[in-house]
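Engineer: In numbering that gives the first Met the number 0, the protein residues as written are 0 to 324.
By construction, the Cβ of each residue, glycine as well, lies at the ideal position given by its N, Cα and C atoms.
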Amino acid sequence: MHHELGDIDPQLRRTAIMAKILFRPALWHFRLMHWLMSRLEGKVSAGLSLEQRWIDRSDGRGRIRLCVYRPDTAASQSELPVILYLHGGGFAMGNPEATGSVIARMIETRPCIVVAPDYRKSIVAPYPAAIDDCFDALLWIDSHRKPLRAADNRIAVVGHSAGGGLTAAVTLRARDRKTVDIAFQMPIYPMIDDRMNNPSVVDNNAPAWNEKSNRLAWDIYLRDLHDRRCAIPYDAAPARATDFSGLPPTVTYVSELDPFKDETFAYVDRLRAAGVPVKFQYYPGAFHGSEVLAPKASVSKAMVAFFLTAFAEAMDGRFETWATE
Numbered sequence: 000m001h002h003e004l005g006d007i008d009p010q011l012r013r014t015a016i017m018a019k020i021l022f023r024p025a026l027w028h029f030r031l032m033h034w035l036m037s038r039l040e041g042k043v044s045a046g047l048s049l050e051q052r053w054i055d056r057s058d059g060r061g062r063i064r065l066c067v068y069r070p071d072t073a074a075s076q077s078e079l080p081v082i083l084y085l086h087g088g089g090f091a092m093g094n095p096e097a098t099g100s101v102i103a104r105m106i107e108t109r110p111c112i113v114v115a116p117d118y119r120k121s122i123v124a125p126y127p128a129a130i131d132d133c134f135d136a137l138l139w140i141d142s143h144r145k146p147l148r149a150a151d152n153r154i155a156v157v158g159h160s161a162g163g164g165l166t167a168a169v170t171l172r173a174r175d176r177k178t179v180d181i182a183f184q185m186p187i188y189p190m191i192d193d194r195m196n197n198p199s200v201v202d203n204n205a206p207a208w209n210e211k212s213n214r215l216a217w218d219i220y221l222r223d224l225h226d227r228r229c230a231i232p233y234d235a236a237p238a239r240a241t242d243f244s245g246l247p248p249t250v251t252y253v254s255e256l257d258p259f260k261d262e263t264f265a266y267v268d269r270l271r272a273a274g275v276p277v278k279f280q281y282y283p284g285a286f287h288g289s290e291v292l293a294p295k296a297s298v299s300k301a302m303v304a305f306f307l308t309a310f311a312e313a314m315d316g317r318f319e320t321w322a323t324e
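(1) Could you give the distance in angstroms between the alpha-carbon of GLY89 and the alpha-carbon of ILE154?
(2) Thinking just about the alpha-carbon of each residue, which of GLY99, ARG64, MET17 is nearest to the one in VAL43?
(3) Going by the CB atoms, is the gap between TYR282 and TYR233 shorter than 9 Å?
(4) By Cβ distance below 6 Å, which residues in the same chain neighbour CYS111 in space, the five residues on each side in sequence not counted?
(5) Under the assumption that ASP257 contacts PHE279 (Cβ atoms under 8 Å), give the Cβ distance between them as a whole number of angstroms.
(6) I'd like to check one pair, ILE191 with PHE243: are the Cβ atoms closer than 9 Å?
(7) Since ALA161 contacts GLY87 with CB under 8 Å, what's their CB separation in whole angstroms?
(8) Mind checking which residues open and close the beta strand (DSSP E) that includes SER37?
(9) In or out: CYS229 buried (at least 16 other Cβ within 10 Å) or exposed?
(10) HIS225 by DSSP, collapsed to three states: which one?
(11) Looking at C-alpha atoms only, which residue of GLY5, LEU11, PHE264, ALA97 is the closest neighbour of ALA350?
(12) Can you tell me the Cα-Cα spacing of ASN209 and VAL200, whole angstroms?
(13) For a test of the three-state rule: what should DSSP assign to ASN203, helix, strand or coil?
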């Protein structure tokens with residue numbers, strides 16, 4: 000869907016113009032952004048402690064860097080719930096440190112341990128590298144509860160954008176392989192449908208992320224499957240799943256101009272039809288990542304407030320008001 004500047008919330012318009020200039024749907028831009036974000040490696044937000052660990056990959060291809068975050072307070076010595084956090088970046092760019100503010104807010108809202116894998120990016124290794132790394136991180140958490148000082152036997156999975164897509168994929172894998180009990184999932188404006196045939200993505204020219212950038216990202220991520228003319232599995236594009244029963248309570252939100260709008264609505268509908276409790280919100284006039292790029296805008300503050308309120312409810316196990324129909 001084509002958008003005009005007038006479709007955008009007035010408080011977001013200046014940021015939208017800048018985002019149109021700065022964000023380019025090109026491989027060189029993905030590589031540049033990834034390089035810039037890599038300069039953040041090892042940096043930690045105030046109030047957090049960061050321990051970096053390296054674990055062997057299940058496919059035998061090297062090791063995964065895990066960022067293990069804790070509150071930098073007396074609470075860090077207590078047993079705490081564990082969150083697997085999966086960062087965004089179109090599967091092609093980013094790292095855990097680039098999302099440090101999100102991780103800090105979660106830990107501030109409810110003291111917890113956040114394990115964030117620096118999974119392989121598609122510009123280096125296409126599917127299934129990213130989902131394999133994320134799932135390996137989940138299994139590592141499950142088998143290291145005691146040294147992590149995990150509070151209970153459940154893990155939650157949270158992620159934004161491509162990280163939201165990986166969140167949905169991880170929970171589907173965990174259900175089908177019967178490996179880990181996931182308490183809840185928060186796939187925020189998730190990147191889950193490679194078919195790109197929904198009205199919200201077709202001809203989408205919105206700032207930050209649009210049809211062109213989305214198509215490029217999927218093409219890079221799925222290039223091995225496309226080259227071999229293989230069917231696309233659901234843990235590559237979770238919208239292709241046919242069974243959504245037995246998945247954990249879910250939180251998500253999406254914006255009006257986001258190319259992922261329609262696939263997020265469809266995902267919510269299919270989860271609810273399968274009896275999964277879902278807490279969902281929709282934001283008119285905003286675009287993909289508005290709350291990151293324009294945090295002072297009222298709609299951005301509303302998104303962050305919704306995210307943290309829902310996170311607190313989920314951490315407290317208060318799912319009774321979440322809609323299932």
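Structural biologist: On the basis of the supplied data:
(1) Here residue 89 refers to the residue found at position 90 of the sequence shown. Here residue 154 refers to the residue found at position 155 of the sequence shown. The straight-line gap from Cα to Cα measures roughly 24 Å.
(2) Counting from one through the sequence shown, the residue named residue 43 turns up at place 44. Its Cα nearest to that of VAL43, the residue GLY99 stands out among GLY99, ARG64, MET17.
(3) The residue labelled residue 233 in the question sits at position 234 within the sequence shown. The residue labelled residue 282 in the question sits at position 283 within the sequence shown. No, they are not a contact pair.
(4) Within the sequence shown, numbered from 1, the residue matching residue 111 stands at position 112. LEU79, PRO80, ILE82.
(5) Position 258 of the sequence shown holds residue 257. Position 280 of the sequence shown holds residue 279. Their Cβ separation, rounded to whole angstroms, is 14 Å, which puts ASP257 and PHE279 out of contact at 8 Å.
(6) Position 244 of the sequence shown, counted from the first residue, corresponds to residue 243. Position 192 of the sequence shown, counted from the first residue, corresponds to residue 191. Taking 9 Å as the Cβ cut-off, PHE243 and ILE191 do not qualify as a contacting pair.
(7) Here residue 161 is taken as the residue at index 162 of the sequence shown, counted from 1. Here residue 87 is taken as the residue at index 88 of the sequence shown, counted from 1. Confirmed, about 5 Å.
(8) Here residue 37 refers to the residue found at position 38 of the sequence shown. It is not in any beta strand (DSSP E) - SER37 instead sits in the alpha helix (DSSP H) that spans 26–37.
(9) Position 230 of the sequence shown, counted from the first residue, corresponds to residue 229. Classification of CYS229: exposed, given that the 10 Å Cβ count is below 16.
(10) In the sequence shown, counting from the first residue as 1, residue 225 sits at position 226. Helix.
(11) The structure shown does not extend to residue 350, since the chain is modelled only from 0 through 324, so no value can be given for it.
(12) The sequence position of residue 209 within the sequence shown is 210, counting from 1. The sequence position of residue 200 within the sequence shown is 201, counting from 1. Straight-line Cα distance between these residues: approximately 7 Å.
(13) Position 204 of the sequence shown, counted from the first residue, corresponds to residue 203. Three-state DSSP puts ASN203 in coil, outside helix and strand.
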